[in-house]
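Each remark here refers to the structure printed beneath this line.
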Amino acid sequence: MTNSDVEACHRVGQRQRRQQGQPGARTEDPPRPRPMIARFVNRKAAEAILYHRRKLKNTSYLITKDLTPANISLLAYSWDHPQVEDAWSKRSNIIVKMKDVSRRDLIFQTSR
3 MTNSDVEACH RVGQRQRRQQ GQPGARTEDP PRPRPMIARF VNRKAAEAIL YHRRKLKNTS
63 YLITKDLTPA NISLLAYSWD HPQVEDAWSK RSNIIVKMKD VSRRDLIFQT SR
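The sequence shown begins at 3 in my numbering and counts up by one.
In structure tokens, the structure reads:
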């Protein structure tokens, strides 16, 4: 990835400041950094970042895809469903791996 692969990048949400008196707050604690969102020039660059995010396992960094509210709900429902072994998203699709079905991958697509 190069700088030319990123079209725009900025932080989202309001700044979070720890107030004295809050649980776990100390005066020397810096404010927690806000999440960032990035727009890539093409889908290939974005998919490369998402593919390599597994290298950040066991670190304090996390890379996720910005999902629609409908896909977030569908993914959360899939994770909690007793017949689902695993669920993830790829290209605006929710893919689930069922525990006891011969066809292992089912794709659910919400309207774009």
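Backbone N, C-alpha and C fix where the C-beta goes; we use that ideal spot for every residue, glycine too.
Taking only runs that begin and end inside the region 62-109, name each unbroken alpha helix (DSSP H) of 4 or more residues, in chain order. DSSP runs (the alpha helix (DSSP H)) wholly in the region 62-109: 71-82.
Nearest-angstrom Cα separation, counted from M3 out to I51: Against the sequence shown, residue 51 aligns to sequence position 49. Against the sequence shown, residue 3 aligns to sequence position 1. For I51 and M3, the distance between alpha carbons rounds to 8 Å.
My output table needs one value for R13: the three-state DSSP class, helix, strand or coil. In the sequence shown, the residue the question calls residue 13 occupies position 11. Three-state result, R13: strand.
Is it true that the CB of S80 sits closer than 8 Å to the CB of A89? Walking along the sequence shown from the start, residue 89 turns up at place 87. Walking along the sequence shown from the start, residue 80 turns up at place 78. Yes.
Do you know whose CA, among R45, P35, A10 and D7, lies nearest R93's CA? In the sequence shown, the residue the question calls residue 93 occupies position 91. Distances from the CA of R93 to each of R45, P35, A10 and D7 were compared; the closest alpha carbon is that of R45.
Chain-order list of residues whose beta-carbon lies under 7 Å from that of A121 (same chain, five-residue window excluded): The requested residue 121 does not occur in the structure, where the chain is confined to residues 3 to 114.
Quick check: what's the CA-CA separation for A10 versus R17? For the purposes of this step, residue 10 is identified with residue 8 of the sequence shown, where counting begins at 1. For the purposes of this step, residue 17 is identified with residue 15 of the sequence shown, where counting begins at 1. Using only the alpha carbons, I get a separation of about 20 Å.
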